[in-house]
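Novice:
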Amino acid sequence: MAADSILGNCELVAFAPTTDPEKARGFYEGVLGLRLVADEKPFALVFDANGTMLRVTTVHELNPHPFTVLGWHVANIEETVDRLAAAGVEFNRYKGMNDGDPRGIWNSPSGARVTWFKDPDGNVLSVTEFPK
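Taking numbering that gives the first Met the number 0, I'd label the letters of the sequence shown as residues 0 to 131.
1. Which residues in the same chain have their Cβ closer than 8 Å to the Cβ of Phe42, if we skip the five residues on either side of it in sequence?
2. Report the three-state DSSP secondary structure of Ala43 (helix, strand or coil).
3. Among Phe26, Arg112, Glu39, Leu6, which has the Cα closest to the Cα of Ala133?
4. Tell me whether the beta-carbon of Val73 lies closer than 8 Å to the beta-carbon of Thr127.
5. Quick one: using the 10 Å Cβ neighbour count with 16 as the cut-off for buried, is Arg34 buried or exposed?
6. Curious, which full-length alpha helix (DSSP H) runs of at least 4 residues does the segment 39-126 contain?
7. Grouping DSSP H, G and I as helix and E and B as strand, with all else coil, what is Glu10?
8. Throw me the rounded Cβ distance for the Arg112 and Gly103 pair, which I believe falls under 8 Å.
9. Measure from the alpha carbon of Gly29 to the alpha carbon of each residue in Thr67, Trp105, Leu83, then state which is nearest.
10. Taking the alpha carbon of Asn122 as the point to measure from, which residue in Thr67, Glu77, Met52, Pro130 has its own alpha carbon closest?
11. Can you grab the Cα-Cα spacing for the pair Val36 / Pro16, in whole Å?
12. Leaving aside the five residues before and after Glu89 along the sequence, list all residues of the same chain whose C-beta is less than 7 Å from its C-beta, in chain order.
13. Does the beta-carbon distance from Leu44 to Ala13 come in below 8 Å?
14. With which residues is Arg34 paired in a DSSP beta bridge?
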């Protein structure tokens with residue numbers, strides 16, 4: 000059986016951990032604008048992330064990873080960053096990457112433009128504008 004036939008046609012489900020579901024709901028629904036599909040207390044909040052199911056799963060303790068766990072492909076990164084900043088989102092600055100850009104946007108060698116921010120639990124999220 001070819002590997003691409005196992006999960007290649009299946010829908011992806013994304014997961015992010017939270018220790019505080021109320022703060023997570025306020026952020027993912029209220030700030031990012033994802034639609035809450037279900038509140039499965041005490042296990043998870045389920046969001047529709049433009050057709051992808053995002054389960055923000057309740058955990059008792061969390062040590063956030065220093066790398067991106069969720070990211071969004073956006074059409075216009077400047078506009079997206081400005082809207083997120085207006086909603087109170089603060090962007091991560093990484094020495095030598097995006098520390099010189101006023102919006103914190105990194106211009107990658109591939110031409111993609113990326114910036115990072117954290118959710119209330121410290122999970123690193125990103126938005127990326129890919130070259131056209």
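No residue lacks a Cβ here, since even glycine has one placed at the ideal position from N, Cα and C.
Specialist: Let me spell this out:
1. Thr56, Thr57
2. strand
3. Here the chain covers residues 0 to 131 and nothing more, so residue 133 does not appear.
4. yes
5. exposed
6. 76-85
7. coil
8. So it is not a contact: roughly 11 Å between Cβ atoms.
9. Leu83
10. Thr67
11. 17 Å
12. Phe116
13. no
14. Asp47
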